[in-house]
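**Student:** The structure's right below; bear with me while I get my questions together.
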Amino acid sequence: AKGIGAKALELYIKGHLYRQFRAPTLADVHLPSMPKLGADGALDKAAAAFKTAQKPVIVVGSQTMVGVKDPGRLARALGMLGAPVYLAGTARGLLGRTHELQLRHNRGAALKEADCVIVCGFPFDFRLGYGRGINKKATLIAANLSSHELKKNRRPEIAIEMHAGDFLVALSDRVSSAGDSWRGWVEQLRASDAKRDAEIAAKAHPPGELVDPLHFFLRMEEAMADDAVLVVDGGDFVATASYIVRPRAPLSWLDPGVFGTLGVGGGYALGAAMVRPGREVWLIWGDGSSAYSLSEFDTFVRHGVAPIAVIGNDASWAQIAREQVEILGTTLGCDLRRTDYHKVAEGYGGVGLVLSDPKRVDATLAEAKAIARTGRPVCINIHLRKTDFRKGSISI
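Read in order, the letters of the sequence shown are residues 32 to 427 in our numbering.
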């Protein structure tokens, strides 16, 4: 029998562990409210400029989704505004898969031609050419929670320090039925989008040795469920995917962020599967980036979640190598092996599939989906052929 001292110690340890590790009750996080109208009536100015535009463009970034509990409200606001929309970061999927106002290609050309550009929750960083990628003669309107980011690199004509999502809703309340006058502009950009989609499809080559990444993603896009969640973690393979795969719904896309912070994939996929139980979770890894979190297959198995991981295996840090070879004449530090990543997943208790035959793409995707439905995580190790699809993208 335990003595009084041992029992007291046991009770103390149990109590201490309970206090340290019990599930906390987290209060809802509310962002500080921002002024919706300043003394200068910034929102009214924005509405007036937007109404008179002939070729407006709206760019929506990740910050727009911060703290948003009803994404449908933002989607309705964008629909009411009626202008062409480019989504970036975690804002991808806000308008669903095929909204008529959503555009995916040739954003730079559209921003150069636009006469009014609204930038929501998106900094003027390298993705927008530090602001120089936008027509100098366009009326530039920006909404951002950060007064610093709002005016960094390029100063908008109308700068509004407030939540970008609230800004969109407030703007839509002031502007109604303006979209009809932009029908020709929207159709022009949609035609450009369709042309680029056709070019990508034409570059995909199903026959031959190994798997063409464009062909794979075109087939994956068709195979994914309507409620799929996409997690991406990589360089060249992931960037290729972004041209083709379409997030199905708001808050259904997670990526490494503006700085391409590799290694987030396994944890993001785990979180997505826990928060969205029953939904199909796809994890797109490059072969280089997969090494940072492939061990999370052990966690998937222990927690009974079943993401479908696809690893683009071209035995290279391809995004770096492509231009490094052109500029420096060497692949130093960029060469990898065609490692059996699927066997690594099997070692952690998952199911591994290897795909090297282009004719087996559809069958392998179907098999992976069937396995995931049984509650087992699956990894597809895709042996890729080399392509020049992203030639000219510099990441060194």
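For each residue, glycine too, the CB sits at the ideal point set by N, CA and C.
#1: Contact check, E327 vs L285 under 8 angstroms by CB: the rounded distance?
#2: Between G335 and the rest of its own chain, which residues show a CB-CB distance below 7 angstroms, the 5 nearest in sequence each way excluded?
#3: Going by DSSP, name the residue or residues bridged to Y117.
#4: Quick one: what's E192 bridged to in DSSP?
#5: So, are the CB atoms of V269 and F248 less than 8 angstroms apart?
#6: From R369 to L314, what does the alpha carbon distance come to, in whole angstroms?
#7: Once DSSP output is grouped into helix, strand and coil, what is the label at W348?
#8: Among P281, D329, Q355 and K417, which has the Cα closest to the Cα of K100?
#9: With H, G and I counted as helix, E and B as strand and the rest as coil, what does DSSP make of L142?
#10: Residue ranges of each beta strand (DSSP E) run of no fewer than 3 residues wholly in the stretch 297-372, ordered along the chain?
#11: Give me the Cα-Cα distance between A77 and A106, rounded to the nearest whole angstrom.
#12: Taking 8 angstroms as the limit between beta carbons, can you name the residues of its chain near G298, skipping five residues before and five after?
#13: Look up G383 in the DSSP assignment and give the residues it is bridged to.
#14: Can you name the start and end residues of the alpha helix (DSSP H) that I402 belongs to?
#15: Could you tell me which residues DSSP puts in a beta bridge with T170?
#16: Start and end of the beta strand (DSSP E) containing D264?
#17: For K67 and L74, what's the separation of their Cα atoms in angstroms?
#18: Where does the unbroken alpha helix (DSSP H) through S223 begin, and where does it stop?
#19: Taking just the CA atoms, how far does V200 sit from A108?
#20: Let me check understanding here. Comparing Cα to Cα, which of A80, R104 and R158 lies closest to Y117?
#21: Please list the terminal residues of the continuous alpha helix (DSSP H) segment that includes L274.
#22: Inspect the beta-carbon positions of V148 and A169 and report whether they are closer than 8 angstroms.
#23: Looking at C-beta atoms only, is the number of pairs between the stretch 35-44 and the stretch 130-144 that lie closer than 8 angstroms three or more?
#24: Rounded to the nearest angstrom, what separates M96 and P102 at their Cα positions?
#25: Assess, as a yes-or-no matter, whether the stretch 366-380 is touched by the stretch 342-355 under the definition of 3 or more beta carbon pairs within less than 8 angstroms.
#26: Between which residues of its own chain and P63 is the CB-CB distance below 7 angstroms, once the five residues before and five after are set aside?
#27: Under a three-way DSSP split, which group does L285 fall into?
#28: Given a threshold of 16 other Cβ atoms within 10 Å of its Cβ, counted over all protein chains shown, does F153 qualify as buried or as exposed?
#29: What residues match up with L199 in a beta bridge as DSSP calls it?
#30: Do R279 and G124 have their C-beta atoms closer together than 8 angstroms?
#31: If you drop the 5 nearest sequence neighbours on each side, which residues of the same chain put their C-beta closer than 7 angstroms to that of R104?
#32: Pick helix, strand or coil for L415, following the three-state DSSP scheme.
#33: Going by C-alpha to C-alpha distance, which of H47, R138 and A322 sits closest to Q219?
**Tutor:** In short, the structure shows the following:
#1: Under the criterion of beta carbons closer than 8 angstroms, E327 and L285 do not qualify as touching, at roughly 14 angstroms.
#2: Beyond the five residues adjoining it in sequence on each side, G335 comes within less than 7 angstroms, by CB distance, of G406 in the same chain, given in chain order.
#3: Within the DSSP secondary-structure output, Y117 pairs in a beta bridge with V90 and L134.
#4: Beta-bridge pairing links E192 to N175.
#5: Contact flag unset, no.
#6: One alpha carbon belongs to R369, the other to L314, and they sit about 19 angstroms apart.
#7: Reduced to three states, the DSSP call for W348 is coil.
#8: Checking every option, the nearest Cα to that of K100 belongs to P281.
#9: For L142, the three-state secondary structure derived from DSSP is helix.
#10: Whole beta strand (DSSP E) segments, 3+ residues: 312-317 and 339-344.
#11: Each residue's Cα considered, the two are about 19 angstroms apart.
#12: Within the same chain, G298 has close Cβ partners S324 and E327.
#13: Note: G383 sits in a beta bridge opposite C410.
#14: Here the alpha helix (DSSP H) through I402 covers V392 to R404.
#15: In the DSSP output, where bridge partners are listed per residue, T170 has C147.
#16: It spans V260 to D264 - the beta strand (DSSP E) in which D264 sits, taken as one unbroken run.
#17: Note that K67 scores a pLDDT of 48, beneath 50, so its modelled location is shaky; the value from the coordinates is reported in the next line. Rounded to whole angstroms, K67 to L74 spans 8 angstroms at the Cα level.
#18: Secondary structure note for S223: its alpha helix (DSSP H) is the uninterrupted segment R214 to K234.
#19: If you take the alpha carbons of A108 and V200, they lie about 5 angstroms apart.
#20: Looking at the Cα atoms, R158 is the closest of the given residues.
#21: Residue identity check: residue 274 is Tyr in the sequence provided, not Leu. Element bounds for Y274: n/a, residue is neither H nor E.
#22: Yes.
#23: Put simply, the stretch 35-44 does not touch the stretch 130-144. Fewer than three CB pairs are less than 8 angstroms apart.
#24: In this structure, the alpha-carbon of M96 lies about 8 angstroms from that of P102.
#25: Yes: at least three Cβ pairs fall under 8 angstroms.
#26: Low confidence applies to P63: its pLDDT is 49, below 50, so where it sits in the model is not reliable, and the reading given next is rough at best. None.
#27: Three-state result, L285: strand.
#28: Residue burial annotation: F153 is buried, with at least 16 other C-beta atoms found within 10 angstroms of its C-beta.
#29: Beta bridge pairing from DSSP links L199 with no other residue.
#30: Yes.
#31: Result list for R104: V200, in chain order.
#32: Look at L415 here: in three-state DSSP terms it is strand.
#33: The shortest C-alpha separation from Q219 is found at R138.
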